[in-house]
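Asks: Okay, handing you the structure first.
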Amino acid sequence: MAILPLVIEPDARLHIPSESVVRVDDAVRQLLNDMLETMYAHEGIGLAAVQVGVHQRCIVVDVAQREGRREPMKFINPEIVEKSEAPSVFLEGCLSFPDQYSEVERPERVTVRYLDERGEEKTLEAEGILATCLQHEIDHTNGIVFVDHISKLKRDMILRKLTKAKRLGLFSSHPEGSATM
Ligand code: NI
Numbered sequence: 086m087a088i089l090p091l092v093i094e095p096d097a098r099l100h101i102p103s104e105s106v107v108r109v110d111d112a113v114r115q116l117l118n119d120m121l122e123t124m125y126a127h128e129g130i131g132l133a134a135v136q137v138g139v140h141q142r143c144i145v146v147d148v149a150q151r152e153g154r155r156e157p158m159k160f161i162n163p164e165i166v167e168k169s170e171a172p173s174v175f176l177e178g179c180l181s182f183p184d185q186y187s188e189v190e191r192p193e194r195v196t197v198r199y200l201d202e203r204g205e206e207k208t209l210e211a212e213g214i215l216a217t218c219l220q221h222e223i224d225h226t227n228g229i230v231f232v233d234h235i236s237k238l239k240r241d242m243i244l245r246k247l248t249k250a251k252r253l254g255l256f257s258s259h260p261e262g263s264a265t266m
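The numbering used here numbers the first residue of the sequence shown as 86 and each following residue consecutively.
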């Protein structure tokens with residue numbers, strides 16, 4: 086396993102949709118393991134392959150990470166097949182947007198179809214923070230980032246801060262009640 090370098094905004098790579106995985110092989114399984122190690126190293130609860138510069142539809146999630154436990158989940162070609170009318174609001178961060186947080190409203194529950202690491206088709210119903218995290222990561226596979234869901238004013242402010250932080254070197258803090266994904 087290896088910790089991979091993160092792609093940090095501003096970076097055009099984050100805004101390009103990823104390709105579907107055509108064959109679930111050892112290279113894909115290796116990528117997923119490396120992504121998990123990278124996510125844990127940065128105390129994130131989710132990571133998409135595009136965030137390590139790989140444009141393949143692979144995401145990893147571990148929402149138990151917030152409570153100091155480990156329950157890694159791996160998803161290949163994940164897609165949302167159903168979502169609730171009811172919304173939920175969560176203070177989101179992103180490993181590609183260090184130290185930047187914003188409340189984002191998304192459906193409270195989703196059903197996700199995906200391939201597991203043996204290439205078998207699976208379906209998962211999720212709610213709460215898992216549903217939020219899955220939607221955030223699946224957005225990444227479509228070239229969408231969390232600030233695309235907030236006002237232009239707020240988005241521009243975050244981009245200005247990141248451009249400056251990238252120039253000066255990064256630091257990290259996590260507001261209470263937030264999660265980085
Ligand atoms: Ni993210």
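Heads up, the beta-carbon is just placed ideally off N, CA and C, and yes, glycines get one too.
By the 10 Å Cβ neighbour count, where 16 or more other Cβ atoms means buried, how is SER181 classified, buried or exposed?
Replies: buried
Asks: Is the distance from the Cβ of PRO269 to the Cβ of SER169 below 8 Å?
Replies: Only positions 86 to 266 of the chain appear in the structure, and residue 269 is not among them; the question remains open.
Asks: Please indicate yes or no: does the CB of MET158 lie closer than 7 Å to some heavy atom of the ligand NI?
Replies: Taken from the Cβ of MET158, every heavy atom of the ligand NI lies 7 Å or farther away.
Asks: Could you give the DSSP three-state label for MET266: helix, strand or coil?
Replies: coil
Asks: Exposed or buried, what is THR208 when buried is set at 16 or more other beta-carbons lying within 10 Å of its beta-carbon?
Replies: Exposed.
Asks: Quick check: the region 157-172 against the region 196-213, are there 3 or more CB pairs under 8 Å?
Replies: yes
Asks: Quick one: what does DSSP say ILE144 is sitting in, helix, strand or coil?
Replies: In the structure shown, ILE144 sits in a strand (DSSP, three-state: E or B).
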